[in-house]
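A quick write-up on the structure given underneath.
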Amino acid sequence: MNGNKHILILLLSLFLLPSCAFLQDLFGEPEPEKPPVVIDKHPEEKEDTLVIDEPQEKEDHIKDKKDEQKGKWAKRDVYRISYILPFHLDRTELENLMSQDNITGMQSLASLEFYEGSLMALDTLQEMGLNLEVSLFDDLRDVGRLEDILDQYEMIQSDVVIGPLFNSSLEVASEWAKANEKFIVSPLSPSSSAAKENPWFLMANSTLGTQLQTLLLSWTKQ
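Taking the working numbering, the leading residue of the sequence shown gets 193, the next gets one more, and so forth.
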């Protein structure tokens, strides 16, 4: 369940931080304190200053850019989450398995177990008042299949994508996330290779280097 707790924390951070920006837009930023007025009893003659007005086109461009960035972080009525996991099942088989009361004992379906556990984290978010729309995709652990999924309309509309699982697929998904400015969450892999120079790539687990460092630190204290 630790991995699912990490997923919950990541999603909380992504979905609740925009509300801060929303409140800032609602109430406005606090006005800066005005500096005290100093009256010069012996004013000196000053040279005329040439004031150059900024072109209106440049101001409009800056405003449009700020509005665009604000739109990416605006509070929303519905947040869309997409899972990409290697189930190796067709849709009918997957729906039949998900309809069962208890599927956690199926050791051969690790992806399904992870998905079922992470749904508990999503239930917690919904109990907090967040409306979530969840989509599920099976990449069959195939990069070509993954690329087809990433081209779908549902993926472009997603706020957060959880998965895929394996490093070769994560490399492809990371490039897509960076190009489309969509958050990708690596749920299990400790490899940080896909996270380099990509602020849109998030890891639910610590990197392998961090795990080794913690292990060595714990060993030296014994």
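All residues carry an ideal CB built from backbone N, CA and C; glycine is no exception. Keep in mind the model is a prediction, meaning the values are calculated, not measured.
- When the beta-carbon positions are compared, R272 and V352 come within less than 9 angstroms of each other.
- In this structure, the CA atom of W392 is about 36 angstroms from the CA atom of K413.
- Per the DSSP secondary-structure output, F393 pairs in a beta bridge with I376.
- Between V335 and G355, the C-beta spacing is not below 9 angstroms.
- Scanning its chain for C-beta atoms nearer than 6 angstroms, with the 5 sequence neighbours on each side dropped, one finds around L380 the residues L357, in chain order.
- DSSP links R333 through a beta bridge to no other residue.
- Collapsing the DSSP output to three states places S274 in a strand.
- With a beta-carbon spacing of about 7 angstroms, F329 and S274 fall inside the 8 angstroms limit used to define contacts.
- Shown here, L357 sits in coil according to DSSP, grouped into three states, outside any helix or strand.
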